[in-house]
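**Q**
Residue numbers (UniProt numbering): 1 to 200.
#1: Out of 132, 133, 102, which has the shortest C-alpha to C-alpha gap to residue 120?
#2: For residue 141, is the classification buried or exposed, using 16 other Cβ atoms within 10 angstroms of its Cβ as the cut-off for buried?
#3: Assuming residue 50 and residue 40 form a contact by the criterion Cβ under 8 angstroms, report the distance between their Cβ atoms to the nearest whole angstrom.
#4: Tell me the rounded alpha-carbon separation between residue 75 and residue 122.
#5: Using a threshold of 9 angstroms, state whether the C-beta atoms of residue 67 and residue 28 are closer than that.
#6: Between the stretch 57–64 and the stretch 87–101, are three or more C-beta pairs nearer than 8 angstroms?
#7: Excluding sequence positions up to five away, which residues of its chain have a Cβ less than 6 angstroms from the Cβ of residue 9?
#8: Rounded to whole angstroms, what is the Cα-Cα separation between residue 15 and residue 37?
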């Protein structure tokens with residue numbers, strides 16, 4: 001039976017647990033080689049355990065698929081670049097980027113620290129830019145590629161104690177517009193950009 005992603009290489013951020021992990025397992029089962037990116041941090045972005053990404057990659061390999069773990073921080077441009085470079089170095093190309101990584105640092109607005117604000121924006125919004133930007137030259141060169149961006153209803157209607165998260169997800173919820181802009185800039189290279197709504 002043909003698998004819909006045979007021969008493809010997909011980089012998925014936040015793929016050590018939750019939706020990201022399930023998506024990684026699914027894409028691998030459909031024939032894609034997966035870069036499993038995850039810092040293994042707690043929900044607030046603190047700590048770090050490389051076992052989450054490594055375990056997901058190991059599970060894919062044990063099932064007969066291809067995968068490699070990456071522990072780069074999407075908020076850091078150089079580390080975001082490493083996600084894409086790992087895909088190209090280990091599997092020869094990059095066909096799709098799934099921007100799924102995210103953190104929460106909930107706090108009532110007037111008690112929210114500057115660090116809580118900037119950390120959430122850095123991962124949930126700037127991280128999308130960093131990883132997508134890193135992949136774009138490869139997509140342009142091969143005249144094909146796909147961006148898939150996860151967002152949240154919090155970006156549309158807000159939520160108590162989530163001013164930072166909502167502010168990060170509001171632009172993400174408008175990735176239809178960003179996707180149009182991205183598409184217009186990359187359409188000649190046949191690059192797709194899509195919005196996916198998560199559960200948060």
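C-beta atoms are modelled at their ideal positions from N, C-alpha and C, and glycine is treated no differently.
**A** Answer, in terms of the structure:
#1: 102
#2: exposed
#3: 6 angstroms
#4: 5 angstroms
#5: yes
#6: no
#7: 33, 87, 91, 93, 94, 95
#8: 6 angstroms
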